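**Student:**
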Amino acid sequence: MIIECDSCSTKFRLDESRITGRGVKVRCTKCQSVFIVHAPDTPEVPSETPDETAGETQNDTP
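Just so you know, we're using my numbering here: the sequence shown kicks off at 58 and counts up by one.
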């Protein structure tokens with residue numbers, strides 16, 4: 058599988074058999090940044106963003 062460094066965008070080839078259930082830490086050989094790679098069939102946890110309507114109240118009176 059092809060992975061990409063989060064910091065410098067350098068691409069690397071990684072053997073998928075090295076990835077465990079929790080992912081694997083990888084160090085970029087170009088910029089030395091460490092990032093975690095998850096298996097391709099493991100969905101990433103989406104970042105929590107507040108609902109756009111959160112905090113808004115509706116007043117039904119005319």
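A virtual CB, placed ideally from N, CA and C, is assigned to each residue, including glycine. This structure is a prediction, so every number in the text was calculated from the model and none was measured.
For Arg75, name the three-state secondary structure that DSSP assigns.
**Tutor:** Helix, per DSSP.
**Student:** Suppose you measure from the CA of Phe92 to the CA of Ser74; what does that come to, to the nearest Å?
**Tutor:** Straight-line Cα distance between these residues: approximately 17 Å.
**Student:** Note the first and the last residue of the continuous beta strand (DSSP E) segment covering Lys68.
**Tutor:** First-last of the beta strand (DSSP E) with Lys68: Lys68 to Arg70.
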